[in-house]
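**Q** Let me give you the structure first, and then I'll get to my questions.
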Amino acid sequence: DQQVKQNSPSLSVQEGRISILNCDYTNSMFDYFLWYKKYPAEGPTFLISISSIKDKNEDGRFTVFLNKSAKHLSLHIVPSQPGDSAVYFCAAVITGGGNKLTFGTGTQLKVEL
Amino acid sequence: DAGITQSPRHKVTETGTPVTLRCHQTENHRYMYWYRQDPGHGLRLIHYSYGVKDTDKGEVSDGYSVSRSKTEDFLLTLESATSSQTSVYFCAIRSGTGNSPLHFGNGTRLTVT
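Respectively, the protein sequence lines represent chains A and B. For what it's worth, the working numbering labels the leading residue of the first sequence as 16, then goes sequentially. For what it's worth, the working numbering labels the leading residue of the second sequence as 35, then goes sequentially.
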């Protein structure tokens, strides 16, 4: 029972264009959401997060949007760079109780020159 | 790496043998987690710890046990390894303040033959 879903296993975009990665969740108790980036042979690294009381959070080239009514969040990367090529995981958490993250299955982003 | 060391980085073992993976942190963080990453599943929580000698199960805890006798060390043990436990294992730490994100180690690739 996948509570956090990333339905696109892969995405290819051109350098300089926008990358949009999507994530859907089913558990309405989730109140905090995070995006992680993972390179091969390394652990995931934290990118950006958003609380359920907000609908947008921005950090440099990265913006996360949250649509609570649709149970949907997205990560926008503008402009995309070759170094952004990685696997991106979204994660959701019910704060308190250990803050255990529930991850999606990941989207492989490839930014082409 | 946020002061997280996983050992070994790679291990091949035979079915039925016991295996222990180690996670060591230098950040003095309260929370520690073990996840496994498998294709099509993302990262799934095995066990986590919220303090010395305080541990709890995650969503895929069957066949695994953990121990935390010191703040800095969190051990994951496979009592009798099975081929289904072939995976990449990630340790993560969290400070416990508010919604601080998890920081991950670089993983241990375990192959059970």
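In this text, a Cβ means the ideal position worked out from N, Cα and C, and glycines have one as well. The structure presented is a predicted model; accordingly, all values stated were derived computationally and were not measured.
Could you work out which residues of chain B lie near E57(A), taking near to mean beta carbons separated by less than 7 Å?
**A** Position 42 of the first sequence, counting from 1, holds the residue named residue 57(A). N140, listed in chain order.
**Q** Using 8 Å for Cβ pairs, my map puts L49(A) next to S64(A). What's the rounded Cβ distance?
**A** For the purposes of this step, residue 49(A) is taken as the residue at position 34 of the first sequence. For the purposes of this step, residue 64(A) is taken as the residue at position 49 of the first sequence. The Cβ separation is near 4 Å, so the contact holds.
**Q** Give the secondary structure of S84(A) by DSSP, where H, G and I count as helix, E and B as strand, and everything else as coil.
**A** Reading the first sequence from its first residue, position 69 is the one you call residue 84(A). If DSSP states are grouped into helix, strand and coil, S84(A) belongs with coil.
**Q** Rounding to the nearest angstrom, what Cα-Cα distance links Y69(B) and R78(B) in this structure?
**A** Within the second sequence, the letter at position 35 stands for residue 69(B). Within the second sequence, the letter at position 44 stands for residue 78(B). Whole-angstrom Cα-Cα distance: 5 Å.
**Q** Which term fits K104(B), buried or exposed, when burial requires 16 or more other beta carbons within 10 angstroms of its beta carbon?
**A** Within the second sequence, numbered from 1, the residue matching residue 104(B) stands at position 70. It counts as exposed.
**Q** Return yes when at least one heavy atom of the ligand NAD lies under 8 Å from the C-beta of P42(B), else no.
**A** The model depicted lacks the ligand NAD and carries no ligand whatsoever.
**Q** List, in chain order, every chain B residue whose beta-carbon is nearer than 7 Å to that of N37(A).
**A** Position 22 of the first sequence, counted from the first residue, corresponds to residue 37(A). Ordered by position in chain B, no residue passes the 7 Å Cβ test against N37(A), which lies about 14 Å from the chain.
**Q** With a Cβ-Cβ cutoff of 9 Å, do L88(A) and N37(A) count as a contact?
**A** Taking the first residue of the first sequence as position 1, residue 88(A) is located at position 73. Taking the first residue of the first sequence as position 1, residue 37(A) is located at position 22. Result yes, Cβ atoms of L88(A) and N37(A) sit closer than 9 Å.
**Q** Who are G66(B)'s beta bridge partners in DSSP?
**A** As a working note, residue 66(B) is residue 32 in the second sequence. Per the sequence shown, residue 66(B) should be read as Met rather than Gly. Note: M66(B) sits in a beta bridge opposite S83(B) and I127(B).
**Q** Taking only beta-carbon atoms, is F118(A) less than 9 Å away from chain E?
**A** In the structure shown, chain E cannot be found, because the protein chains are A and B.
**Q** So, does the CB of D96(B) fall closer than 9 Å to a CB anywhere in chain A?
**A** Taking the second sequence and counting its residues from 1, one reaches residue 96(B) at position 62. No - not a single Cβ of chain A is within 9 Å of the one on D96(B).
**Q** Looking at the structure shown, is G76(B) part of a helix, part of a strand, or coil, going by DSSP?
**A** Translated into the one-based positions of the second sequence, residue 76(B) becomes position 42. Strand.
**Q** List the residues of chain A whose Cβ lies closer than 9 Å to the Cβ of N62(B), in chain order.
**A** Locating residue 62(B) in the second sequence gives position 28, counting from the first residue. Near N62(B) there are no residues of chain A at all, since even the closest Cβ is about 17 Å away, more than 9 Å.
**Q** When you compare each of P42(B), I38(B), T47(B) and S41(B) to T116(B) by their alpha carbons, which one comes out closest?
**A** Here residue 116(B) corresponds to residue number 82 of the second sequence, with the count starting at 1. Closest by alpha carbon: T47(B).
**Q** For a minimum of 3 consecutive residues, which ranges assigned as the beta strand (DSSP E) are wholly contained in the segment 31 to 115 of chain A?
**A** If one requires a minimum length of 3 residues, the beta strand (DSSP E) runs lying completely within the segment 31 to 115 of chain A are 34 to 40, 47 to 53, 60 to 66, 71 to 74, 77 to 82, 87 to 92 and 101 to 108, in chain order.
**Q** Find out if the Cβ-Cβ distance for the pair G58(A), I80(B) is shorter than 9 Å.
**A** Numbered from 1 along the first sequence, position 43 holds the residue referred to as residue 58(A). Numbered from 1 along the second sequence, position 46 holds the residue referred to as residue 80(B). Result no, Cβ atoms of G58(A) and I80(B) do not sit closer than 9 Å.
**Q** Where does Q119(B) fall in DSSP's three states?
**A** Here residue 119(B) refers to the residue found at position 85 when the second sequence is read from its first residue. Assignment of Q119(B) by DSSP, reduced to helix, strand and coil, places it in the helix class.
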